[in-house]
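Protein chains in written order, with this note's numbering: chain A, -5 to 379; chain B, 3 to 278. Don't be surprised by glycine CBs; every beta carbon is placed ideally from N, CA and C. No experiment lies behind these values; they were computed from the predicted model shown.
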Amino acid sequence: MKIIYVDNNATTQVAPEVLQEMLPYFTESYGNPSSIHSFGGNVSYKLKEARAKLAALLRAAPEEIIFTGCGTESDNTAIKAAILSSPDKKHIITTRVEHPAIKNLYEYLSKKGYRVTFVPVDRKGNLDIDFLYKNLSEDTAVVSIMWANNETGVIFPIEEIVAVIKERGIIFHTDAVQAVGKIPVDVSKVNVDMLSISGHKIHAPKGVGALYIRKGTKFFPFLIGGHQENGRRGGTENVASIIGLGMAGELAADNLEVENGRVKLLRDKLENGILKRVPNSMVNGDRENRLPNTTSISFEFVEGEAILLMMDEFGICASSGSACTSGSLEPSHVLRAMGVPFTAAHGSIRFSLSKYNTEEEIDYIIEKLPPIIARLRELSPFWDK
Amino acid sequence: MWEYTDEVKDHFLNPRNVGIIEDPDGMGEVGSMACGDALKLFFKLDENKKIKDAKFQTFGCASAIASSSALTEIIKGLTLEEAKKVTNEDIANFLGGLPKEKMHCSVLGRDALEKAIANYLGEEDKRIEGEIVCECFGVTDLEIERAVRENNLSTIEDVTDYIKAGGGCGNCHEKIQEIIDSILGREHPVKKKPAQLTNIKKIKLIEETFEREIKPALKKDGGDIELIDVDGNTVFVRLSGMCASCSKSQVTLKHYVETKLRELVSSELVVEEVQQ
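Take a look at the structure:
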């Protein structure tokens, strides 16, 4: 069966160009970049190149990038460094719709004596910026706000927010895992102190991430060990994956036009096609202010896991904010924060596209999905034709 | 990805007995949209009082739909006496097992069956017995006790997997643990209370508790409370200020004052209000 992969906010296919770039570093060039001999030393040149490529994507300086094991590690590293650099401050701020990498870290810190403010969002998923500003205080150590939301794709006005936060001298971190590669992320314009990236969301492999740390930002390593990454992240480098991430960064820079052109058109076609053919369906999140590849659609009176598994029968891969898919009993914290009613939250499906999706695939989903929803509604005691 | 058995997949993709029975002999409805799953079960009896036909409608995930389908297949041909003995385990076994986190789907089926039988016997509208422990999912202490006993559950996580209790805000975890402990015969740490109070000591302690704990709390809400008398284990009080006119004063008394006194003085105390 042909796989139709529209779950690219979960993970992406490794780009063939990325894989090609990586392969020699598993086989013939397996040296340790820290070695003195040229066999290892040659690898370190390649790492340098990868760092420069990723930096170019963000318009950062290469020395402002450290490579990590994943987006979660980047987030943890950033927040921990921020609170260690202002040990007297005991207040931290984030949003109610963060990825668990930040959300659960903040909840953990709240048990360790930090006062935590979670900034709410409105029905469309846009941030309550006034609430954020009102809650800034002398005691605030760090503000962490995601650049774009993984479930709805809603983009937060980081440039505007960061200007206010920096005026107050507070450290600002953004989880840009979903934004990078899909919309322009330019740290020469947007004055963030730290920014997290995940490799496998931009067609690099799983198990590699990066953290941008603006020059002059106080920093404390999360993994303490060797001198790697200029002493900012111990542990022998995941060489091949870092080289892959560098290549993926280069491709992403070239691909921004495709994302905001062809991919966006396909997303809109999918969304409109579904909304037109399925009654009682609605988009979650601000349609005017979203990543070009993402749509979250709720189907009333049916449950998300059942939809996903029926789509799976046709090879269609998507994800859901329903409770049942995660093993938790409550639907997604993002949809709940937005006030999406239970009738719709349990039946939410996220489609996230990539440059590898074709129009044919989108047509196939538009054809297969409506009968699935109709079938499940036939089963549902709440559906009243 | 859940590890569903082939039977679960089959009953999900090709559910048996979907629909409604017009004029059923028994009908049971459990769950809600807010909870994430709901099941409506119908059955019709034949002249020998055996279940001739069963149908269902389900809102929920794959295993909820499969459990409902399995349930209707299991009960067809059974007498009501036999159907009453069907357990959630039977439903799970019929499907070759369910993932642990999905066991609540089989409990949903069992509950719907019980309700449908009660509906046939004219026993519906029975108030939910017991006290609500999990407010997120509306689960009572008796339901938790039953799930623990019938399925040999030993942790809060187990209880959540089977009947959802504790799967929301988590405020009831302590209470669920107490229920599990008491069923498993585990000692539960009880807060130390002064042993063998003499009458004088008891009254003194009640007075202290009033001054230190209860009055300040009520004053915050614009009310006041006066200790009138203590007779044996009955504590007589009079409310004034906002409390006296507040319709919730009885609740305030019962739930707050009594709890405080029982916690800090003696577990046998009863509070009664003296009218002005």
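Excluding residues up to 5 positions away in sequence, S69, L100, M105, S108 lie with their Cβ nearer than 8 Å to the Cβ of A94 of chain B in the same chain. A Cβ-Cβ contact shorter than 8 Å links A114 of chain B with G30 of chain B. Counting every other CB atom within 10 Å of its CB across the protein chains shown gives V276 of chain B a total below 16, marking it as exposed. For the pair of segments examined, the segment 352 to 360 of chain A was found not to touch the segment 278 to 285 of chain A: the number of CB pairs separated by less than 8 Å stays below three. By the Cβ rule, the segment 162 to 172 of chain A counts as touching the segment 131 to 144 of chain A, because three or more pairs are nearer than 8 Å. Burial check for I22 of chain B: the Cβ neighbour count within 10 Å stays below 16, so the residue is exposed.
About 26 Å separates the CB atoms of L250 of chain A and T71 of chain A; that is not less than 8 Å, and the two are not in contact. Checking the DSSP bridge columns, you'll see T337 of chain A has no partner listed. Residues of the segment 133 to 145 of chain B with a C-beta atom less than 9 Å from some C-beta of chain A are C138, F139, listed in chain order.
With contacts defined as CB atoms closer than 8 Å, G238 of chain A and G229 of chain A fail to qualify as a contacting pair. In terms of Cα proximity to V328 of chain A, the closest of A:H93, A:P81, A:G65, A:A55 is A:H93. Contact check for Y100 of chain A and I86 of chain A: beta-carbon distance about 6 Å, within the 8 Å limit, so the pair qualifies.
Under the DSSP assignment, L189 of chain A falls outside any alpha helix (DSSP H), being part of the beta strand (DSSP E) whose first and last residues are 188 to 192. For the segment 206 to 283 of chain A, the full-length beta strand (DSSP E) segments reaching 3 residues or more read 275 to 278 along the chain. Look at C174 of chain B: its C-beta is not under 8 Å from any C-beta on chain A. The three-state secondary structure of C171 of chain B, taken from DSSP, is coil.
A120 of chain B places its beta carbon 8 Å or farther from that of V141 of chain B. Between the alpha carbons of I208 of chain B and K105 of chain A lies a gap of roughly 35 Å. Using a CB distance cut-off of 8 Å, G28 of chain B does not count as an interface residue toward chain A. In this structure, the alpha-carbon of V181 of chain A lies about 54 Å from that of Q59 of chain B.
Counting of Cβ neighbours within 10 angstroms places H31 of chain A among the exposed residues, the total staying below 16.
Listed along the chain, the chain B residues whose CB falls inside 8 Å of the CB of V296 of chain A are F61.
A direct Cα-to-Cα measurement between K128 of chain A and P325 of chain A gives close to 29 Å. If you draw a straight line from the Cα of K86 of chain B to the Cα of I53 of chain B, it is about 12 Å long.
For the pair D306 of chain A and V179 of chain A, the Cα-to-Cα distance works out to about 34 Å. For A149 of chain B, there are no C-beta contacts with chain A under 7 Å, since the nearest C-beta of that chain is about 15 Å from it. Residue B:K262 holds the alpha-carbon nearest to the alpha-carbon of A219 of chain B among B:L186, B:F238, B:T236, B:K262. Distances from the CA of N224 of chain A to each of A:G240, A:S235, A:I207 were compared; the closest alpha carbon is that of A:I207.
Think of a sphere of 8 Å around the beta carbon of M35 of chain B: the chain A residues whose beta carbon falls inside it are F295, F336, T337, H340, F376, in chain order. L260 of chain A and N287 of chain A have their C-alpha atoms some 8 Å from each other.
By the neighbour-count criterion, in which 16 or more other beta carbons inside 10 Å mark a residue as buried, F20 of chain A falls on the exposed side. Listed in chain order, the positions of the segment 5 to 18 of chain B with a beta carbon within less than 9 Å of a beta carbon of chain A are Y6, K11, F14, L15, P17. Assignment of S374 of chain A by DSSP, reduced to helix, strand and coil, places it in the coil class.
CA-CA distance, R264 of chain B to Y102 of chain A, rounds to 34 Å.
Here the alpha carbon of T211 of chain B sits roughly 55 Å from the alpha carbon of V171 of chain A. Take L126 of chain A, set aside five residues on each side of it, and the residues of its chain with a beta-carbon closer than 6 Å to its own are V113, in chain order.
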